[in-house]
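Trainee: Under mature numbering (1 follows the signal peptide of the UniProt record, and there is no 0), read the sequence shown as residues -17 to -1, 1 to 541, first letter to last. Heads up, the beta-carbon is just placed ideally off N, CA and C, and yes, glycines get one too.
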Amino acid sequence: MSDGIFTFLIAIMNTWCAFRCSQCNNEQAVQQKDGIYTTPTSCHSGCKARSHFVLIQQSVFTRMEAFQTIRLQETTQGSRTVAGSAAKNIEIELTHEMVDSVCPGDDVTVTGLLKARSQDPDGTAKASLYKAYMQAVYSLCPTIYGHEVVKAGLLLGLFGGQATTSRTRAEIHVLVVGDPGIGKSQILQSCANVSPRGIFVCGTNSSNVGLTVTVRMEKGVGASLEAGALVLADQGVCCIDEFDKMSGHHGLLEVMEQRSVSVAKAGVICTVPARTTVLAAANPAGGHYNKAKTVSENLKLHPALLSRFDLVFILLDRSNERTDNLLTAHIQKVHGLSKTNSTPVHPFFESSGPSSLEEEGESSLEERLRLAPGETMDLLPAELVQKYIGYARKNVHPKLTAKAAEELRDFFVELRRSHREMDMIPVTTRQLEGLIRLTQARAKIDLSSEATVAHVRDVLAILRQSMLDVFSTDEGDLQFTRLTNGSGTSKTSMVRKFAQVLASRSAVTGTTLFTTAELKQAMVAGGIAANCNELIDTMNIQGFLLKKGRDCYKFIID
């Protein structure tokens, strides 16, 4: 309620406008909310045109009404005005019978509703949902340059999926593997800070009982349970750094799949809930990631534990002059050279951001997450991101649409079918459930009650990037056993190289029979660094070598 002196303006506002399609001449009416000129998004007839609509002013569907804008000025006679200060003004819109009901100079008391006026009245610069998604990605650990796809995957883990029953898990577990010094720990710290319930632990100082449950014996009380990090982070996030250096991982198996910790110690038998999302970072065992080995070999982790992660990312410290220059400029800005709370603009960001989710198929995910030339991104404070995540986890419960479910089904079936001939099963039902959780988390970021096809495609883009990191060989091929099985990329290349060496020796000696000692000599001469017996067994299984007797093999030339 306010009183004061006002001045006024009178105008005519369109509430409905009629448009004619230039292709089929179909006429349709569009509501002009708040008088903002709005054209049809598509033709309602069979032509489905999306542009070239002609405004029809004389149509019976075009409706107008008078409205009046008055500027109310605070009266100087009231005791609420501070002496020497300027009088405050507020604009008020009058419609229908309220128009022309007052005159300039009147003292009036007004009761109404506050309305925020858009800074873009033409609607040409409305931020799409995808821009909001990009803003959330860039606001996650902005001090670390790049790695937008990894941040997008971790953001899905922070929002989580939707549990349909008490036995299905909604938690999304993410593992980040990479060379030291690329910012994995800082990204995990940021994830713990923006989570409504986040705990950060380091694997070097954490034991199995320290993560799960400790049973203590106290005088006069008996056995008591002391919750570990995973139990304390129930319905939240537990970020584990130096994941590869933990003393024991067997306690995580039950937590990551069954969402609970079973205790049977000192006469205490119980089950403690641990509905916790695990975000982990690990360094390779040899200091730097070796593409010639599998993820399991690089980390020396049990395959059963690795299979419980919905997303696995590999970050490699590759030298690139342009990227190194941009990284250096970003670090300088972080250390005080930039005073604005926005992302730096670099020539590297050459692809423009999409205007809608439907455009995601035009380019790779990494390109779509980049900023357009000259574009800045206002970063969200960590407190706001925390409230954002908490609100979405509590109030948004998305369900897959029929088309989204069909898109996931087609991807799952095609992935299994394409590799059935290779006698490899790339994904199981566990991975399909993970895809559903990831899609639900992507919908939560948009605060949408429905998980659409666009959300599925965003998730598949992230998953494909994860698969490309994990399953790609040094020759560019995809091997879907590289996460946990096999002996890495070098196995295929070493078999091929050893076969070439044996073929050359057979051409020189004129025989295809080799003893085990001669095979070892051929490996050394060919510069093949591998376990001799394992490589011979592999070539025997694959049909390159045929065992003819004790310590004797025949090389089969194609």
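Does the distance from the C-beta atom of T495 to that of K530 stay below 8 Å?
Mentor: no
Trainee: Compute the Euclidean distance between the alpha carbons of K114 and V478, then round it to the nearest angstrom.
Mentor: Straight-line Cα distance between these residues: approximately 48 Å.
Trainee: Determine the DSSP secondary structure at T24, reduced to helix, strand or coil.
Mentor: DSSP, read as helix, strand or coil, puts T24 in coil.
Trainee: Within the chosen definition, does the region 195 to 207 reach the region 134 to 147 through at least 3 CB pairs nearer than 8 Å?
Mentor: no
Trainee: With 16 as the cutoff for other CB atoms within 10 Å, does Y121 come out buried or exposed?
Mentor: Result: buried.
Trainee: Can I170 and K228 be called in contact, C-beta distance under 8 Å?
Mentor: no
Trainee: Alpha carbon to alpha carbon, how far is G234 from G193? Give it in angstroms, no decimals.
Mentor: 10 Å
Trainee: Could you tell me the distance, in whole angstroms, from the CA atom of W(-2) to the CA atom of V13?
Mentor: 6 Å
Trainee: For the region 224 to 297, which segments carrying the beta strand (DSSP E) assignment without a break, of at least 3 residues, lie completely within its bounds, in sequence order?
Mentor: 243 to 248, 251 to 256 and 260 to 265
Trainee: Just to confirm, is the Cβ distance from F481 to M450 under 8 Å?
Mentor: No.
Trainee: From A49, K377 and D90, pick the residue whose C-alpha is nearest to that of V82; which is it?
Mentor: A49
Trainee: So, at 7 Å on beta carbons, what are the nonlocal neighbours of residue 547 in its own chain, with the 5 sequence-adjacent residues on each side left out?
Mentor: The requested residue 547 is not part of the displayed model; the chain covers only -17 to 541.
Trainee: Put R533 into one of helix, strand or coil per three-state DSSP.
Mentor: coil
Trainee: Could you say if the region 212 to 222 and the region 170 to 188 meet the contact criterion of at least three C-beta pairs nearer than 8 Å?
Mentor: yes
Trainee: My guess is that A375 and F142 are in contact by the Cβ rule of under 8 Å, so how many angstroms apart are they, rounded?
Mentor: 6 Å
Trainee: Taking the C-alpha atoms as reference points, what is the distance between T277 and T411?
Mentor: 19 Å
Trainee: Can you name the start and end residues of the alpha helix (DSSP H) that F36 belongs to?
Mentor: Element bounds for F36: not the alpha helix (DSSP H) but the beta strand (DSSP E), F36 to I39.
Trainee: Would you grab the beta carbon distance between F292 and A265 for me? Rounded to a whole angstrom, and I think it's under 8 Å.
Mentor: Wrong, their Cβ atoms sit about 11 Å apart, outside the cutoff.
Trainee: Let me confirm a value: H130 is counted as buried when at least 16 other C-beta atoms fall within 10 Å, else exposed. Which label applies?
Mentor: Per the 10 Å Cβ criterion, buried.
Trainee: Determine the burial state of H438: buried for a count of at least 16 other Cβ atoms within 10 Å of its Cβ, exposed for fewer.
Mentor: Around the beta carbon of H438, a 10 Å sphere encloses 16 or more other beta carbons of the protein chains shown; the residue is thus reported as buried.
Trainee: Whole-angstrom Cβ separation of G186 and L294, contact assumed at under 8 Å?
Mentor: The pair is not a contact, with the Cβ atoms about 19 Å apart (cut-off 8 Å).
Trainee: Can you grab the Cα-Cα spacing for the pair residue 542 / I155, in whole Å?
Mentor: Past the boundaries of the shown model lies residue 542; the chain is included only from -17 to 541, so the question cannot be answered.
Trainee: Ignore the nearest five residues each way along the sequence and tell me which others in P267's own chain have a CB closer than 6 Å to its CB.
Mentor: N281
Trainee: In angstroms, rounded to a whole number, what distance separates the CA positions of S335 and R440?
Mentor: At S335 the pLDDT is 33, less than 50, meaning the model places this residue with poor confidence; the figure from the coordinates comes in the next sentence. The alpha-carbon atoms of S335 and R440 are separated by roughly 19 Å.
Trainee: In whole angstroms, give me the CA-to-CA distance for A263 and S230.
Mentor: 15 Å
Trainee: Would S432 be called buried (16 or more neighbouring beta carbons within 10 Å of its own) or exposed?
Mentor: exposed
Trainee: Can you give, in chain order, each stretch of the beta strand (DSSP E) that sits fully within the region 166 to 204 and has at least 3 residues?
Mentor: 181 to 185 and 196 to 201
Trainee: The alpha helix (DSSP H) with T521 in it runs from where to where?
Mentor: C515 to Q525
Trainee: I need the DSSP call for D83, collapsed to helix, strand or coil.
Mentor: coil
Trainee: For Q41, count neighbouring C-beta atoms within 10 Å of its own C-beta (all shown protein chains included) and say buried if the count is 16 or more, exposed if not.
Mentor: exposed
Trainee: Going by CA-CA distance only, name the one from E76, L55, M360 and L77 that's closest to A70.
Mentor: Closest option to A70, Cα to Cα, is L55.
Trainee: So what does DSSP say about N8, is it helix, strand or coil?
Mentor: coil
Trainee: Name the one or two DSSP bridge partners that R3 has.
Mentor: E10 and V37
Trainee: Drop a sphere of 10 angstroms on the beta-carbon of C4, count the other beta-carbons inside from all chains shown, and report buried for 16 or more, exposed for fewer.
Mentor: The residue is buried, with at least 16 neighbouring Cβ atoms inside 10 Å.
Trainee: For the beta strand (DSSP E) holding R54, just list the boundary residues, first then last.
Mentor: R46 to E57
Trainee: For S290 and C26, what's the separation of their Cα atoms in angstroms?
Mentor: 49 Å
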